[in-house]
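S.K.:
There are 4 protein chains.
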Amino acid sequence: MNKRESIFKTGIRLFAAQGFEATTTLQIAREVGVTEPAVFYHFKSKNAFFSAILEQACTVYVDRIDMLAIFADSAFERLAALIRIHFAVVAEEPELMRILLRTCPARLEDPDSTCITVYRKARNRLQAGIREILEQGTASGEFNSVDIDATANMLIAMLNGLMRQQVAGMDTLKGVEAATIEFCRRSLVVRT
Amino acid sequence: MNKRESIFKTGIRLFAAQGFEATTTLQIAREVGVTEPAVFYHFKSKNAFFSAILEQACTVYVDRIDMLAIFADSAFERLAALIRIHFAVVAEEPELMRILLRTCPARLEDPDSTCITVYRKARNRLQAGIREILEQGTASGEFNSVDIDATANMLIAMLNGLMRQQVAGMDTLKGVEAATIEFCRRSLVVRT
Amino acid sequence: MNKRESIFKTGIRLFAAQGFEATTTLQIAREVGVTEPAVFYHFKSKNAFFSAILEQACTVYVDRIDMLAIFADSAFERLAALIRIHFAVVAEEPELMRILLRTCPARLEDPDSTCITVYRKARNRLQAGIREILEQGTASGEFNSVDIDATANMLIAMLNGLMRQQVAGMDTLKGVEAATIEFCRRSLVVRT
Amino acid sequence: MNKRESIFKTGIRLFAAQGFEATTTLQIAREVGVTEPAVFYHFKSKNAFFSAILEQACTVYVDRIDMLAIFADSAFERLAALIRIHFAVVAEEPELMRILLRTCPARLEDPDSTCITVYRKARNRLQAGIREILEQGTASGEFNSVDIDATANMLIAMLNGLMRQQVAGMDTLKGVEAATIEFCRRSLVVRT
DNA sequence: GATGAATGAGTGTTCATTCAT
DNA sequence: TATGAATGAACACTCATTCAT
Numbered sequence: 000m001n002k003r004e005s006i007f008k009t010g011i012r013l014f015a016a017q018g019f020e021a022t023t024t025l026q027i028a029r030e031v032g033v034t035e036p037a038v039f040y041h042f043k044s045k046n047a048f049f050s051a052i053l054e055q056a057c058t059v060y061v062d063r064i065d066m067l068a069i070f071a072d073s074a075f076e077r078l079a080a081l082i083r084i085h086f087a088v089v090a091e092e093p094e095l096m097r098i099l100l101r102t103c104p105a106r107l108e109d110p111d112s113t114c115i116t117v118y119r120k121a122r123n124r125l126q127a128g129i130r131e132i133l134e135q136g137t138a139s140g141e142f143n144s145v146d147i148d149a150t151a152n153m154l155i156a157m158l159n160g161l162m163r164q165q166v167a168g169m170d171t172l173k174g175v176e177a178a179t180i181e182f183c184r185r186s187l188v189v190r191t
Numbered sequence: 000m001n002k003r004e005s006i007f008k009t010g011i012r013l014f015a016a017q018g019f020e021a022t023t024t025l026q027i028a029r030e031v032g033v034t035e036p037a038v039f040y041h042f043k044s045k046n047a048f049f050s051a052i053l054e055q056a057c058t059v060y061v062d063r064i065d066m067l068a069i070f071a072d073s074a075f076e077r078l079a080a081l082i083r084i085h086f087a088v089v090a091e092e093p094e095l096m097r098i099l100l101r102t103c104p105a106r107l108e109d110p111d112s113t114c115i116t117v118y119r120k121a122r123n124r125l126q127a128g129i130r131e132i133l134e135q136g137t138a139s140g141e142f143n144s145v146d147i148d149a150t151a152n153m154l155i156a157m158l159n160g161l162m163r164q165q166v167a168g169m170d171t172l173k174g175v176e177a178a179t180i181e182f183c184r185r186s187l188v189v190r191t
Numbered sequence: 000m001n002k003r004e005s006i007f008k009t010g011i012r013l014f015a016a017q018g019f020e021a022t023t024t025l026q027i028a029r030e031v032g033v034t035e036p037a038v039f040y041h042f043k044s045k046n047a048f049f050s051a052i053l054e055q056a057c058t059v060y061v062d063r064i065d066m067l068a069i070f071a072d073s074a075f076e077r078l079a080a081l082i083r084i085h086f087a088v089v090a091e092e093p094e095l096m097r098i099l100l101r102t103c104p105a106r107l108e109d110p111d112s113t114c115i116t117v118y119r120k121a122r123n124r125l126q127a128g129i130r131e132i133l134e135q136g137t138a139s140g141e142f143n144s145v146d147i148d149a150t151a152n153m154l155i156a157m158l159n160g161l162m163r164q165q166v167a168g169m170d171t172l173k174g175v176e177a178a179t180i181e182f183c184r185r186s187l188v189v190r191t
Numbered sequence: 000m001n002k003r004e005s006i007f008k009t010g011i012r013l014f015a016a017q018g019f020e021a022t023t024t025l026q027i028a029r030e031v032g033v034t035e036p037a038v039f040y041h042f043k044s045k046n047a048f049f050s051a052i053l054e055q056a057c058t059v060y061v062d063r064i065d066m067l068a069i070f071a072d073s074a075f076e077r078l079a080a081l082i083r084i085h086f087a088v089v090a091e092e093p094e095l096m097r098i099l100l101r102t103c104p105a106r107l108e109d110p111d112s113t114c115i116t117v118y119r120k121a122r123n124r125l126q127a128g129i130r131e132i133l134e135q136g137t138a139s140g141e142f143n144s145v146d147i148d149a150t151a152n153m154l155i156a157m158l159n160g161l162m163r164q165q166v167a168g169m170d171t172l173k174g175v176e177a178a179t180i181e182f183c184r185r186s187l188v189v190r191t
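Protein chains in written order, with numbering that gives the first Met the number 0: chain A, 0 to 191; chain B, 0 to 191; chain C, 0 to 191; chain D, 0 to 191.
Below, the structure is given as structure tokens:
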């Protein structure tokens, strides 16, 4: 069994549960069953360790967003898929998403890591994806006409808020996903 | 000038800018121009100090939510007012709201304070308010029929996400507020 | 009794006996009878602590060199006084002089302190003093003519070497001082 | 190419540049291009490694001193040769001499090595050599009569100081060597 | 001969907190 | 009210060294 892997996974669990500052390298080591320097053998520093985890969290998220490219039926179906993805990724990787959402921007600027690059990619993919959906939808007449920039911003905030709610709450109300999709459908899709 | 007040205000500023862990009592004392024990004279502990600030943040927020009771024209107007309030309170008290939003749940369970009570009151007020609006709107035929619980949850998540976006971003897109209101209007209000 | 003073004196003793790296802040604290953070309360860091000590060592040394200005009888008497001073200062403050001599240049460049300034002042005073003596002696015909720069350098090296020998050896041969003075007299003073 | 040799040479370079404590075995290994345990394969411990280097430094030095036995023209010529040798050995092996001069006595008492033996031999050879020169010179009437023990000590201190000056300074004043020899000639050689 | 992994024992430093004054 | 001095407990991190492979 790979000890580096164990350390990594324990790190994810503890950082997710307690946050970066409240988690000590000694605690991680103890839970894995190694000594503290072992953590530093596998990862250059606590910062670098956290960055590696954060990078994976970003990667997991970005990968899901990128899968959307295939769904091209209608603008609304793409939006619905985007919403579903945000619920699904929290359900699948709740700890990584909790870390991703809780990480304050200051930590991202850590010079030890390439993590900020991945983080920005995640943000940009989402923003670009939503804007594209709105543009496609309004251009084709499928959607009511809206202020694209502002509505895109609002939708990002909404998805962010929903993920946080899901991540925080132990009770995952399944109805929220459906309600969100319907809410958007009524608001955006032109009635025939 | 009141020293307790100075300490309190400096605490708000620093906790908002750096978070709880990254802010030290020594730093607060220095910025105020007193010595460290002076902070402990006025506040029992760092936790208690932070709780006092957090309580004020909750109070400020709850007070705004409670003001809504007066606006009773239509269900949608109440919802719109609620949205506007969330933008307004961030604009008026950005530091307090930043503290409120960034505070991780673990910190709220501090036994030193009554802060969690106020915090839960805030959450409950909002939840109750939104549910009431949705019930009123659907009952009167003003709104389309929706899953009230799930939609209320979604709206709370959305407001939360929007506040965070506003609090984090230096660029306050004014259009987002209008876009959000319009988004909700199209989704909820029955077309005539 | 002043604890800061105790820490300072213990620092001198231990740094002199063991050097900078081999002396730990914990050890200093224990010998004083306080806890480790007490050292950091009185001195910003181990570096800054050492710099303060080094500064005092430089000051003690510079003060002795400066006293020489009064002795103005003959060039040779001034040189003899300079030599005597180097023996005397080691006898009076052996620990400070040991620290001064052992300090490697790298440590002097510590940005925490003004210590390098004092150190350079010490070097320059000595160099200027010796050159002045040689110039005065050769100009007045009291000394044989010599290469002033090179001879000054040699004399500095000799004084340095003698101080080290004195500082290192527990057996302070009193004869060395006299032998050194006579050695220089025979070499420099013109025979009549 | 011999790896043990590479490690040895890199050790000399780093110990000379940074001193014993500030040089880590990991750093040595990396600069050589091997892993840390490789250093421990070739040398029992860091102490033993350093001792081996120190021993070579001593040997190099002792060998030069011993060469002097051949020069037997006059007492003064032997002394001049001794001085020249001290300048030459620094010019030829600056790193080894830097290590030799900077090594604090505590390190020499390492029980892992025979290094102290060689070190003492170096000291004793020099001391014996100088005393012999002085005895020969005074006995034959070539030198003025001096306190032999004390003058020998002074000359050792002087040579030590000069080596340090040479080792520390990047500016090797060639004049110093000549000035030193002339200084000693004037002081010791009886005028005819 | 050499390495990857791991460790025991420290190292300087920080921080909330206390207490006599 | 407020401070100077001090502390207990921790923290991230380092280093020489070991050992199975």
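Ideal Cβ placement from N, Cα and C applies to all residues, glycine included.
E176 of chain A: which of A:F86, A:Y60, A:G32 and A:R63 sits nearest, CA to CA?
M.R.: Counting from one through the first sequence, the residue named residue 176 of chain A turns up at place 177. The candidate whose alpha carbon is nearest that of E176 of chain A is A:F86.
S.K.: Looking at C-alpha atoms only, which residue of C:R97, C:E134 and C:R124 is the closest neighbour of I52 of chain C?
M.R.: If you number the third sequence from 1, residue 52 of chain C lands on position 53. Closest by alpha carbon: C:R97.
S.K.: Give, in chain order, every residue of the stretch 171 to 188 of chain A whose Cβ lies closer than 9 Å to some Cβ of chain B.
M.R.: Within the stretch 171 to 188 of chain A, the residues whose Cβ lies closer than 9 Å to some Cβ of chain B are L172, K173, G174, V175, E176, A177, A178, T179, E181, F182, C183, R184, R185, S186 and L187, listed in chain order.
S.K.: Considering only C-alpha positions, which residue in the set B:D72, B:R12 and B:Q26 is nearest to S139 of chain B?
M.R.: The residue you call residue 139 of chain B lines up with position 140 of the second sequence. Looking at the Cα atoms, B:D72 is the closest of the given residues.
S.K.: Within a Cβ cutoff of 7 Å, which residues of the same chain sit near Q135 of chain C, ignoring the five residues on either side of it in sequence?
M.R.: As a working mapping, residue 135 of chain C is identified with position 136 in the third sequence. If we look at Q135 of chain C and ignore the five residues flanking it on each side, its Cβ neighbours are A74.
S.K.: Note down, in chain order, all residues in the stretch 9 to 37 of chain A with a beta-carbon under 8 Å from any beta-carbon belonging to chain B.
M.R.: Going along the stretch 9 to 37 of chain A in chain order, one finds Q17, G18, E20 and A21 with a Cβ nearer than 8 Å to chain B.
S.K.: With DSSP as the reference, label F142 of chain C as helix, strand or coil.
M.R.: On the third sequence, position 143 is the one that residue 142 of chain C refers to. DSSP places F142 of chain C in strand when its eight states are reduced to three.
S.K.: Closest to C114 of chain D by C-alpha separation, out of D:T58, D:A167 and D:D62, would be which residue?
M.R.: Position 115 of the fourth sequence, counted from the start, is the residue given in the question as residue 114 of chain D. Checked all of D:T58, D:A167 and D:D62; the closest Cα to C114 of chain D is D:T58.
S.K.: Does DSSP put V33 of chain D in a helix, a strand or coil?
M.R.: Counting from 1 along the fourth sequence, the entry for residue 33 of chain D is found at position 34. Here V33 of chain D sits in coil by DSSP.
S.K.: Please name the residue in A:N1, A:M157 and A:Q164 whose C-alpha comes closest to that of P93 of chain A.
M.R.: Sequence index remark: in the first sequence, residue 93 of chain A carries index 94 (1-based). Selected option, being the one with the closest Cα: A:Q164.
S.K.: Using a 10 Å radius around the Cβ and a threshold of 16 neighbouring Cβ atoms, would you call R119 of chain D buried or exposed?
M.R.: Position 120 of the fourth sequence holds residue 119 of chain D. Its Cβ having fewer than 16 others within 10 Å, R119 of chain D is exposed.
S.K.: Determine whether the beta carbon atoms of E35 of chain A and T24 of chain A lie at a separation below 7 Å.
M.R.: What you label residue 35 of chain A is simply residue 36 of the first sequence in a count that begins at 1. What you label residue 24 of chain A is simply residue 25 of the first sequence in a count that begins at 1. Against a cut-off of 7 Å, the Cβ pair of T24 of chain A and E35 of chain A comes out as a contact.
S.K.: At a Cβ threshold of 7 Å, is D146 of chain B touching chain A?
M.R.: Position 147 of the second sequence holds residue 146 of chain B. Interface residue, yes.
S.K.: Does V188 of chain D come out as helix, strand or coil in the three-state DSSP assignment?
M.R.: The count along the fourth sequence starts at 1 and reaches residue 188 of chain D at position 189. Three-state result, V188 of chain D: strand.
S.K.: What residue does the alpha helix (DSSP H) around G160 of chain D start on, and which one ends it?
M.R.: Looking up residue 160 of chain D in the fourth sequence gives position 161. Residues I147 to A167.
S.K.: Short of 8 Å Cβ to Cβ, which residues in the stretch 146 to 161 of chain A face chain B?
M.R.: So the close ones are D146, D148, A149, T150, N152, M153, I155, A156, M157, L158, N159, G160 and L161.
S.K.: Hey, how far is the Cα of G174 of chain D from the Cα of K43 of chain D?
M.R.: For the purposes of this step, residue 174 of chain D is taken as residue 175 along the fourth sequence, with counting starting at 1. For the purposes of this step, residue 43 of chain D is taken as residue 44 along the fourth sequence, with counting starting at 1. Those two C-alpha atoms are separated by around 44 Å.
S.K.: In terms of residue numbering, what span does the alpha helix (DSSP H) encompassing L99 of chain A cover?
M.R.: Position 100 of the first sequence, counted from the start, is the residue given in the question as residue 99 of chain A. Per DSSP, L99 of chain A belongs to the alpha helix (DSSP H) from P93 to R101.
S.K.: Quick check: R63 of chain B and V89 of chain B, are their CB atoms within less than 7 Å of each other?
M.R.: The residue you call residue 63 of chain B lines up with position 64 of the second sequence. The residue you call residue 89 of chain B lines up with position 90 of the second sequence. No, the Cβ-Cβ distance between R63 of chain B and V89 of chain B is not below 7 Å.
S.K.: Assuming F7 of chain D contacts F49 of chain D under a Cβ cut-off of 8 Å, what Cβ separation, rounded to an integer in Å, is found between them?
M.R.: Residue 7 of chain D sits at position 8 when you count from the first residue of the fourth sequence. Residue 49 of chain D sits at position 50 when you count from the first residue of the fourth sequence. Actually they are not in contact, since the Cβ atoms of F7 of chain D and F49 of chain D sit about 11 Å apart, beyond 8 Å.
S.K.: May I ask you to report which of helix, strand or coil DSSP gives K2 of chain C?
M.R.: Here residue 2 of chain C refers to the residue found at position 3 when the third sequence is read from its first residue. If DSSP states are grouped into helix, strand and coil, K2 of chain C belongs with the helices.
S.K.: If the cut-off is 8 Å on Cβ atoms, which residues from the stretch 122 to 147 of chain D count as contacting chain C, listed in chain order?
M.R.: Within the stretch 122 to 147 of chain D, the qualifying residues are N143, V145 and D146.
S.K.: If you follow the alpha helix (DSSP H) that T58 of chain B is part of, which residue opens it and which one closes it?
M.R.: Position 59 of the second sequence holds residue 58 of chain B. Unbroken alpha helix (DSSP H) run through T58 of chain B: K45 to M66.
S.K.: Would Q164 of chain C pass as an interface residue toward chain D - the criterion being a Cβ-Cβ separation below 7 Å?
M.R.: Here residue 164 of chain C refers to the residue found at position 165 when the third sequence is read from its first residue. Yes, because at least one Cβ of chain D sits closer than 7 Å to the Cβ of Q164 of chain C.
S.K.: Rounded to whole angstroms, what's the CA-CA distance from V166 of chain B to S144 of chain A? Just pull it up for me.
M.R.: Residue mapping note: residue 166 of chain B aligns to position 167 of the second sequence, counting from 1. Residue mapping note: residue 144 of chain A aligns to position 145 of the first sequence, counting from 1. Taking the straight line from one Cα to the other gives about 28 Å.
S.K.: When you compare only the Cα positions, how much space is there between G160 of chain A and Q126 of chain B?
M.R.: As a first step, residue 160 of chain A must be located in the first sequence, where it is residue number 161. As a first step, residue 126 of chain B must be located in the second sequence, where it is residue number 127. So the two alpha carbons sit approximately 15 Å from each other.
S.K.: What is the C-beta distance between A156 of chain C and M157 of chain D, in whole angstroms, given that I count them as a contact (C-beta under 8 Å)?
M.R.: In the third sequence, counting from the first residue as 1, residue 156 of chain C sits at position 157. In the fourth sequence, counting from the first residue as 1, residue 157 of chain D sits at position 158. Contact flag correct, Cβ pair sits at about 7 Å.
S.K.: Residues of chain B with CB under 8 Å from C103 of chain A, in chain order?
M.R.: Walking along the first sequence from the start, residue 103 of chain A turns up at place 104. Within chain B, the residues near C103 of chain A are G18 and R101.
S.K.: Excluding the 5 residues preceding and the 5 following E141 of chain A in the sequence, name in chain order all residues of the same chain whose CB lies nearer than 7 Å to its CB.
M.R.: Translated into the one-based positions of the first sequence, residue 141 of chain A becomes position 142. Here the set comprises S73, A74, F75, V188 and V189.
S.K.: In or out: R106 of chain C buried (at least 16 other Cβ within 10 Å) or exposed?
M.R.: Stepping through the third sequence from its first residue, residue 106 of chain C is reached at position 107. Buried, since its Cβ has 16 or more Cβ neighbours within 10 Å.
S.K.: Excluding the 5 residues preceding and the 5 following M162 of chain A in the sequence, name in chain order all residues of the same chain whose CB lies nearer than 7 Å to its CB.
M.R.: Here residue 162 of chain A corresponds to residue number 163 of the first sequence, with the count starting at 1. Only H85, V89, M96 and L100 meet the Cβ criterion.
S.K.: Can you check whether the CB of I180 of chain A is closer than 7 Å to the CB of A79 of chain A?
M.R.: Your numbering for residue 79 of chain A matches position 80 in the first sequence. Your numbering for residue 180 of chain A matches position 181 in the first sequence. Against a cut-off of 7 Å, the Cβ pair of I180 of chain A and A79 of chain A comes out as a contact.
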